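What follows is a short report on a single structure.
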Amino acid sequence: MTTARLPLFPLNTVLFPGLVLPLNVFEERYRAMMRELLKSDEDEPRRFVVVAIRDGREIAPTATGMPDTVAAAPPAERAPADGFGPDPIQTFHRVGCVADAATIRERADGSFEVLATGTTRVRLLSVEAEGPYLTAEVEDLAEEPPVGDEADEAGALAEGVLRAFRSYQKRLAGASERSLATGAELPDDPSVISYLVAAATVLDVPTRQRLLQAPDTATRLREELTLLRKETAVIRHLPSLPAADLTRAPTHPN
Numbered sequence: 000m001t002t003a004r005l006p007l008f009p010l011n012t013v014l015f016p017g018l019v020l021p022l023n024v025f026e027e028r029y030r031a032m033m034r035e036l037l038k039s040d041e042d043e044p045r046r047f048v049v050v051a052i053r054d055g056r057e058i059a060p061t062a063t064g065m066p067d068t069v070a071a072a073p074p075a076e077r078a079p080a081d082g083f084g085p086d087p088i089q090t091f092h093r094v095g096c097v098a099d100a101a102t103i104r105e106r107a108d109g110s111f112e113v114l115a116t117g118t119t120r121v122r123l124l125s126v127e128a129e130g131p132y133l134t135a136e137v138e139d140l141a142e143e144p145p146v147g148d149e150a151d152e153a154g155a156l157a158e159g160v161l162r163a164f165r166s167y168q169k170r171l172a173g174a175s176e177r178s179l180a181t182g183a184e185l186p187d188d189p190s191v192i193s194y195l196v197a198a199a200t201v202l203d204v205p206t207r208q209r210l211l212q213a214p215d216t217a218t219r220l221r222e223e224l225t226l227l228r229k230e231t232a233v234i235r236h237l238p239s240l241p242a243a244d245l246t247r248a249p250t251h252p253n
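Note that numbering that gives the first Met the number 0 has the sequence shown beginning at 0, numbered continuously upward.
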């Protein structure tokens, strides 16, 4: 498999291929990462790896994501591995996603507003903290498109997942007037559907991580079908659920 060493951006979330990730970058170690990425040619991908932090292990500070203004005083400078323990790789899930930063905008105070898109899954092989920010050696974790009978199975599962997802959306929205995605706005490719639904469903990080590292599209879709049916059943019995809060997509700080 192809390996590479890329900047590493740990977060309390899971990024999926094809999904957009807005970031408010204010810690100096991540500012340094963005400054380095900006040195590359504009026509070259500005790539870094987003990896989810294991539950209960992260001790670094957090804040709101992508506000119009940031804290008046920037946080104290931190070493690359601060908050991630003596062996950082043990703090992170081993499967992450490469992000391509389409937009990196520096603010007057030196912080950055970043808009990145997930591209491919990778597996962490090692983590280094020698420079101003963490880097990781990663190998591609390719997901081959299903063919033949596997493609037929994935297609049928995708149709079932879309039906379950629409039902889930309606239950989640409840009596609110929020606009829901229609079938025409959803993709046809089973793999794309599997990632979109994983990102759009209200799930905890361990569950999202399990979906990210599923060995193939059909496995991911089968699990999503089970999850959606379960979540829809739960919501059905919670008529006072604050759906508007749950359907609001968060942004992510560093």
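Even glycine gets a Cβ: it sits at the ideal position worked out from N, Cα and C. If you're wondering where the values come from, they're calculated on a predicted model, not measured in any experiment.
Spatial neighbours of residue i in its chain, beta-carbon cut-off 6 Å, leaving aside the 5 residues before and after
i: residue 80; result: 87, 128
i: residue 56; result: Bear in mind that the predicted position of residue 56 carries a pLDDT of just 49, short of 50, making it too unreliable to give a figure here.
i: residue 143; result: none
i: residue 166; result: 231
i: residue 39; result: 45
Backbone secondary structure at residue i - three-state DSSP
i: residue 46; result: strand
i: residue 136; result: strand
i: residue 77; result: coil
i: residue 83; result: coil
i: residue 4; result: strand
i: residue 189; result: helix
i: residue 197; result: helix
i: residue 204; result: helix
i: residue 233; result: helix
i: residue 22; result: strand
i: residue 15; result: coil
i: residue 163; result: helix
i: residue 51; result: strand
i: residue 57; result: Because the pLDDT at residue 57 is just 45, under 50, the model does not fix this residue reliably, and the value given afterwards should be weighed accordingly. In this structure, residue 57 counts as coil in the three-state DSSP scheme.
Cβ shell of residue i (< 7 Å), same chain only, five flanking positions each side left out
i: residue 139; result: 0, 1, 119, 121
i: residue 109; result: 30
i: residue 54; result: 204, 205
i: residue 115; result: 20, 22, 98, 99, 100, 101
i: residue 157; result: 189, 192, 220
i: residue 207; result: 13, 197
i: residue 159; result: 224
i: residue 186; result: 192, 195
Presumed contact (8 Å Cβ cut-off) between residue i and residue j, rounded CB distance
i: residue 193; j: residue 227; result: Actually they do not touch by this definition, with Cβ atoms about 12 Å apart.
i: residue 15; j: residue 211; result: 6 Å
Chain-order list of residues whose beta-carbon lies under 8 Å from that of residue i (same chain, five-residue window excluded)
i: residue 137; result: 2, 3, 4, 5, 48, 95, 97, 121, 122, 123, 124
i: residue 33; result: 24, 100, 103, 105, 111, 113
i: residue 178; result: Low per-residue confidence applies at residue 178: pLDDT is 42, beneath 50, and the placement is therefore not dependable enough to give any value.
i: residue 222; result: 209, 210, 213
contact_flag[the region 149-162, the region 213-220] where n(CB pairs < 8 Å) is 3 or more: Judged by Cβ distances under 8 Å, the region 149-162 makes contact with the region 213-220, as three or more pairs qualify.
Does the region 128-139 come close enough to the region 28-41 to have 3 or more Cβ pairs within less than 8 Å? Output reads yes: the region 28-41 touches the region 128-139.
I want to know whether the region 32-46 touches the region 186-203 - three or more CB-CB distances under 8 Å. The region 32-46 vs the region 186-203: no contact.
Beta strand (DSSP E) segments (min. 3 residues) lying fully within the region 98-159: Runs of the beta strand (DSSP E) inside the region 98-159: 111-127, 134-139.
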